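Below you'll find the structure, written out as structure tokens, and then a few comments.
In my numbering, the protein residues as written are 243 to 583.
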């Protein structure tokens with residue numbers, strides 16, 4: 243009996259390195275498959291070979307236009323935004339040591355939403371919208387950065403100031419929407435619902451540049467984050483500069499969430515759920531966990547967008563509506579699970 247009991251943890255640990263290799267590969271395959279599905283399917287069905295050829299301009303003019311101008315930007319934005327949200331959520335949950343944490347609670351989503359609806363209400367062209375949203379996200383992150391430098395950025399204080407920023411920006415969004423020109427109300431509501439409709443190369447550029455800046459820093463901070471999760475005292479004893487690391491984690495997480503929201507609108511649940519799924523697949527904080535969280539986020543957004551386009555016959559649902567619908571039962575399950583003794 244004792245032998246069997248003793249070998250069970252060893253067997254469980256022995257499967258973890260394999261999971262860290264297999265899980266990202268399987269998720270990457272699913273992301274590629276759903277991405278191709280997004281290129282092929284739509285109002286006009288395109289054969290897989292033709293769709294792939296069109297991505298490099300080797301198909302006929304009509305097919306190349308549909309794929310390159312309409313479908314490919316949407317797929318790329320879905321993948322990149324989902325990956326950024328997955329990474330942001332993992333960093334935030336580790337930083338705050340709270341499984342229910344997400345970038346929403348630090349006000350980044352609210353800041354982006356506020357400046358986006360202000361831009362829509364002011365009648366700015368659609369190309370200006372991602373830049374306006376990115377500015378709002380950066381402003382919210384700036385508030386958090388100043389606060390973290392001023393107070394030391396303890397977990398409880400960050401949560402409290404984030405909740406404050408989130409509440410203020412949400413109230414401001416409600417006020418702007420209530421007073422917006424009726425002719426522009428529809429555009430504001432579509433953006434706030436998390437829609438990937440009409441994505442273009444500007445959105446692709448914004449999210450890819452933001453990801454290129456933030457993701458290397460996220461990977462570089464993983465070792466310090468794993469130590470910080472053990473407690474401030476242990477991290478300090480291990481030589482981790484706690485205050486600077488917290489500040490960098492806040493800025494990195496905010497940048498990742500900000501660029502995602504700037505190009506795709508607020509997508510609920512992704513930043514909350516993707517890190518949980520990743521940790522269940524490959525274990526605690528590590529490069530494999532971050533990669534898996536990013537791939538899970540990309541897969542969730544791609545799947546939500548594909549489902550939203552096909553769930554109803556007469557209308558397309560925004561991806562944010564689908565992710566929010568998935569998030570509600572998941573959050574209830576998570577609350578039940580974390581509430582167990």
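Ideal Cβ placement from N, Cα and C applies to all residues, glycine included. As the structure is a prediction and not an experimental result, all values here were calculated from the model.
Same chain only: Cβ atoms within 6 Å of residue i, ignoring 5 sequence neighbours per side
i	result
residue 544	276 and 320
residue 337	491
residue 469	477, 480 and 482
residue 441	315, 316 and 319
residue 499	330, 345 and 350
residue 568	511
residue 292	301 and 305
residue 517	331, 332, 335 and 535
residue 253	Low local confidence applies: a pLDDT of 38 at residue 253 is under 50, so the model's placement there is unreliable, with the coordinate-based value given in what follows. Hits under 6 Å: none found.
residue 432	none
residue 278	none
residue 294	none
residue 356	378, 411, 414 and 415
Distance between residue j and residue i (C-alpha atoms, nearest Å)
i	j	result
residue 256	residue 304	Unreliable positioning characterises residue 256 in this predicted model, as indicated by a pLDDT of 41, which lies under 50. The coordinate reading is nonetheless provided below. The straight-line gap from Cα to Cα measures roughly 52 Å.
residue 541	residue 565	11 Å
residue 347	residue 529	24 Å
residue 272	residue 392	44 Å
residue 300	residue 519	38 Å
residue 309	residue 579	43 Å
residue 576	residue 307	44 Å
residue 354	residue 402	19 Å
residue 247	residue 512	Confidence at residue 247 is low in this model, with a pLDDT of 40, below 50, so the placement of that residue is unreliable and no value is reported for it.
residue 265	residue 536	12 Å
residue 533	residue 558	30 Å
residue 444	residue 429	18 Å
residue 364	residue 412	18 Å
residue 414	residue 573	26 Å
residue 475	residue 459	24 Å
residue 539	residue 521	13 Å
residue 550	residue 269	21 Å
residue 290	residue 322	22 Å
residue 425	residue 554	25 Å
Residue i: first and last residue of the uninterrupted alpha helix (DSSP H) it sits in
i	result
residue 412	397-421
residue 427	424-434
residue 552	529-552
residue 288	Run containing residue 288: none; DSSP gives neither H nor E here.
residue 558	Per DSSP, residue 558 belongs to no alpha helix (DSSP H) and is neither H nor E.
residue 330	314-338
residue 355	350-363
residue 303	303-307
Own chain partners of residue i with C-beta closer than 8 Å, once the 5 adjacent residues on each side are dropped
i	result
residue 463	333, 487, 490, 491 and 494
residue 471	336, 339, 526 and 527
residue 420	none
residue 376	354, 448, 452, 500, 501 and 504
residue 327	345, 498, 499, 502, 509, 512, 513, 516, 539 and 543
residue 397	337, 338, 339 and 340
Chain-order list of residues whose beta-carbon lies under 7 Å from that of residue i (same chain, five-residue window excluded)
i	result
residue 438	316, 319, 320, 506, 547 and 561
residue 435	507, 560, 562 and 563
residue 369	444
residue 372	444, 445, 448, 504 and 505
residue 387	489, 492 and 493
Quiz item: In chain order, which continuous runs of the alpha helix (DSSP H) of length 4 or greater are located wholly inside the segment 461-523?
Solution: 464-470, 474-479 and 484-506, all fully within the segment 461-523.
Practice problem: Evaluate contact between the segment 306-313 and the segment 274-294, counting only Cβ atoms and requiring at least three cross-stretch pairs below 8 Å. | Solution: Taking a contact to require three or more Cβ pairs closer than 8 Å, the segment 306-313 and the segment 274-294 qualify as touching.
Quiz item: Does the segment 370-386 come close enough to the segment 407-425 that 3 or more CB-CB pairs lie under 8 Å?
Solution: Look at the beta carbons and you see the segment 407-425 touching the segment 370-386: at least three pairs across the two are nearer than 8 Å.
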